[in-house]
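Residue numbers (my numbering): 59 to 689.
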């Protein structure tokens, strides 16, 4: 056995491991079983795919890819990989001479496949598809592959598209669009909450005080009581000119909706959950019914985020609760409301997730799923088969008349995207905390929040530009409040002809200028005329950061310091990329302005160009934080 290192899969035996390729009889196409960590299963059959000579080897590789030692842990991930594998096999089958064994597949074939896909979809998706193909082929021993292909798939660094400035996720919605989406979701959820609670109140009265109800109410309550006890929903009939009567499908759904959630209720609940919590839709779909209410103020909920890796898949979060009617306005209140609305259906479906709805018997699915649904009288976890259940986004948008922002006369229908909705929440939260990413990033690291949610949003860029401009104006005011000693070309020429007068004009001695010009008094980016008496150390020996030198009355800047000043500007730019705007301006805004507005204009363009060419690649960053005591 060899142990797994950082970012590697679990330990597995050395050598070529061939997992069990399931349900394959002699001469039959292989079928690979999948058991996901999300408790979803699947069967992948090679029966209808071309190139049958390749099936056995590829089935082994695919089984390893989605098996215990592979890195595919969810049904949706396995489905996506299977789609890519099918597409690749069909490409090989369409070649003039399809390969009869895997070692006949060449790098030229792989590049041809890549070029063909680039004509059909985006470069990002093609990169993902090529990565999927390579990761499958990696599970085969190199002796089964052409030697060039073996090297090609083992080559690191080919699985990610190079970063392009401005590239990133789709921007979030505008404030108007977001408020319209949330208002529509709230109205739908409020309506279904009223619908179910009304039926449950009627049931309660029917059980305790039936004599207070009218005959029509008692009849309706009796039907509801039967539904509540058995979970079965008897289909209503409507007249038909052909066969006398047929099942009223719309009426059947309406009847079930009196007591249970149905398919049409899922989307507004999902939208509301993402909009209130800022979590992605997959996390909302995977919510567990287990929870703890903390002093009626918060709800402790277990959430799942599988993209974090096996060790960090599950975590407990605390969502704000609020009063009993907060289900439409706080994430904790939403969870408790969802738990309440699904409870009656969940009693029959036995769902491991908080979600449970009633569906008609004609819903499709695997044989096991159909049997389970029938045994539960139509009650299911809507995301049990796959997390990517089809929901009618366009129909819901049209029902509420949601439109996108635009300048033209005709408003375009809004395109509803859960990713854009989450991005909007990230943007609004970042603005609310003043751009401090560590405070705003609750569901991702600050780097992930910026790269995948904030970077491409135009509202974040505009707002950040405003904040940066205000901060720089303040820093510029502070920078101009201090006039440092700068010996530019004019002063250097004057010092040659009149050293005493030039020194007097700078308030220093002739000897100090000579020593500074010779480099005897150099610090990091300037000369220090009196290191023993620092105004920043109470008149004692200086012990502050070298970044403070440019603001110190003891500093003198000459032409010899220009290369290091340009290198310092590069360091400040890199530091800006790693901090939020306010923090950077508070730390380095004045220093940056002193260099760019006060020092560099004192020197000629030729001197600056010469200094840029001579600047060091980097500065000793540990010296920028001041002196440190040795242990």
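The beta carbon of each residue, even a glycine, is placed where N, CA and C say it ideally should be. It should be emphasised that the depicted structure is a prediction, and the values quoted were computed from it without experimental measurement.
task: Specify the secondary structure class of residue 92 as computed by DSSP and reduced to three states.
output: strand
- prompt: Terminal residues of the continuous beta strand (DSSP E) containing residue 167?
  reply: Counting along the chain, residue 167 falls outside any beta strand (DSSP E), though it belongs to the alpha helix (DSSP H) covering 165–176.
- prompt: Can you tell which of 271, 211, 582 and 566 has its C-alpha closest to the C-alpha of residue 602?
  reply: 582
query: Who are residue 372's beta bridge partners in DSSP?
result: 362
Buried versus exposed, by CB contacts within 10 Å (16 or more), residue 175: buried
C-beta atoms of residue 454 and residue 328 nearer than 8 Å: no
query: Within this structure, are the beta carbons of residue 401 and residue 437 separated by less than 8 Å?
result: no
query: So what's residue 297 in DSSP terms, helix, strand or just coil?
result: strand
message: I'd like to confirm the pairing. Which residues does DSSP put opposite residue 576 in its beta bridges?
response: None; residue 576 has no bridge partner.
field: For residue 256, the three-state DSSP class (helix, strand or coil)
entry: helix
query: Just curious, the alpha helix (DSSP H) that residue 102 is in, first and last residue?
result: Premise fails: residue 102 lies in the beta strand (DSSP E), 99–103, not in any alpha helix (DSSP H).
query: When the Cβ atoms of the stretch 94–113 are set against those of the stretch 121–133, are three or more pairs found closer than 8 Å?
result: yes
query: Comparing the CB of residue 569 with every heavy atom of the ligand MN, is any distance shorter than 7 Å?
result: This structure simply doesn't include the ligand MN, nor any ligand for that matter.
Best match in 653, 633, 648 and 638 for proximity to residue 676 [C-alpha to C-alpha]: 633
field: Candidates 158, 191 and 334, of which the one nearest residue 169 by Cα
entry: 191
Cβ pair residue 697, residue 150 closer than 8 Å: In this structure the chain extends from 59 to 689, so residue 697 is not present and cannot be described.
task: My understanding is that residue 318 touches residue 403, with C-beta atoms under 8 Å, so please give their C-beta distance in whole angstroms.
output: 4 Å
query: Which partner residues does residue 543 have in the DSSP bridge list?
result: 614
task: Please name the residue in 304, 289 and 290 whose C-alpha comes closest to that of residue 296.
output: 304
message: Given this structure, state the Cα-to-Cα distance separating residue 50 from residue 425, to the nearest angstrom.
response: It is not possible to answer for residue 50, since the shown part of the chain is limited to 59 through 689.
- request: Whole angstroms is fine: what's the gap from residue 386's alpha carbon to residue 138's?
  value: 34 Å
task: For the alpha helix (DSSP H) containing residue 670, list its first residue and its last residue.
output: 663–672
- prompt: Since residue 242 contacts residue 460 with CB under 8 Å, what's their CB separation in whole angstroms?
  reply: 6 Å
query: Between residue 71 and residue 108, what straight-line distance do the alpha-carbon atoms span, to the nearest angstrom?
result: Here the model assigns residue 71 a pLDDT of 49, short of 50, so the residue's position is not dependable, and the following value carries that caveat. For residue 71 and residue 108, the distance between alpha carbons rounds to 32 Å.
field: Cβ shell of residue 673 (< 6 Å), same chain only, five flanking positions each side left out
entry: 621, 624 and 625
message: Helix, strand or coil for residue 646? Go by DSSP, reduced to three states.
response: helix
Sheet register partners of residue 350 (DSSP bridge): 358
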